[in-house]
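In what follows, a single structure is set out as structure tokens and then discussed.
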Amino acid sequence: MSESGKIIFRTHAIKRMFQCCFDEKDVRSVLETGEIIEVYPDDTPYPSRLILGWLERRPLHVVAADNIAR
19 MSESGKIIFR THAIKRMFQC CFDEKDVRSV LETGEIIEVY PDDTPYPSRL
69 ILGWLERRPL HVVAADNIAR
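Add 18 to a position in the sequence shown, counting from 1, and you land on the number used in my numbering.
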């Protein structure tokens with residue numbers, strides 16, 4: 019998540035969120051409290067990571083990348 023707290027969702031993510039009944043609040047929770055379980059340094063256009071979080075007893079995996087100008 020950027021310093022401004024802005025999240026940009028890809029179309030695929032929005033479809034999966036709808037299918038699995040997750041919303042932006044759930045994704046934010048995983049980004050803030052989840053555990054990074056895999057790192058993808060060669061992903062393009064930005065390196066990304068797979069984060070595992072729990073919503074009560076339900077797991078939620080989020081793939082996130084930071085769009086930071088270098």
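Built from N, CA and C at the ideal position, the CB exists for glycine as well.
Could you name each continuous beta strand (DSSP E) segment of 3 residues or more that falls completely within the stretch 50-78, going from the start of the chain to the end? Along the length of the stretch 50-78, whole beta strand (DSSP E) runs at least 3 residues long occupy 53-58 and 66-73, reported in chain order.
Alpha carbons only, please: which of ASP84, LEU78 and ASN85 is nearest the one belonging to ARG34? Answer by Cα proximity: LEU78.
Please tell me whether ARG67 and GLU53 are closer than 8 Å, where the distance is taken between their beta carbons. Not a contact, by the Cβ cut-off of 8 Å.
Pop quiz: VAL45 and ILE25 are said to be a contact at Cβ under 8 Å. What is the actual Cβ separation, rounded to whole angstroms? Yes, they are in contact, since the Cβ atoms of VAL45 and ILE25 sit about 7 Å apart, within 8 Å.
Reference ILE69; option with closest CA among ASP61, ARG28 and ALA82: Residue ALA82 is the option with its Cα nearest to ILE69.
For TYR58, collect the residues of the same chain with a Cβ closer than 7 Å to its Cβ; drop the 5 residues on either side in sequence, then sort them by chain order. In the same chain as TYR58, and ignoring 5 residues on each side of it, the C-beta atoms closer than 7 Å to its own belong to PRO65, SER66 and ARG67, in chain order.
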